[in-house]
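Colleague: The sequence shown runs contiguously to residue 102 in this note's numbering.
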Amino acid sequence: REQVRRVTHIAPADPDGTIIGEPVLQEGVIGIPSPRSLGLCAGVTDAPYATTTEVYPDSPKADADICNRAQVAAITSALDFLLAERRAGGGAGGAAAKAEL
2 REQVRRVTHI APADPDGTII GEPVLQEGVI GIPSPRSLGL CAGVTDAPYA
52 TTTEVYPDSP KADADICNRA QVAAITSALD FLLAERRAGG GAGGAAAKAE
102 L
């Protein structure tokens, strides 16, 4: 999140503690059912790690360039995390999450 936050704001939860009707797991992050069951891009692979990132220019604080840079920040920071986990001998499993940023 911190790398994305350097580029744009993180979407706050709605008053009921959800983003697009899904419970917030951590700031700006929601869990969803299997991406394959929803027909999302992350569901077309059997990769052990898959995600869908969402950054939209739907606020006066963001534009197309900011959204593109935020998408890059989300992916590169996820790759940095995975590399650090591998070096530490850990692993996050095959969980898929949608980051609504």
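Ideal Cβ placement from N, Cα and C applies to all residues, glycine included.
Taking C-alpha atoms, which residue in Leu80, Leu83, Lys62 lies nearest to arginine 7?
Modeller: Ranking the options by Cα distance to arginine 7, first place goes to Lys62.
Colleague: Since isoleucine 20 sits in a beta bridge, which residues does DSSP pair it with?
Modeller: Glu23
Colleague: Alpha helix (DSSP H) containing valine 5: first to last residue?
Modeller: 3 to 6
Colleague: Rounded to the nearest angstrom, what separates aspartate 64 and alanine 74 at their Cα positions?
Modeller: 15 Å
Colleague: Taking the alpha carbon of glutamine 27 as the point to measure from, which residue in Asp59, Ala14, Cys42 has its own alpha carbon closest?
Modeller: Ala14
Colleague: Here's the rule: buried if 16 or more other CB atoms are within 10 angstroms of the residue's CB, otherwise exposed. What is valine 45?
Modeller: exposed
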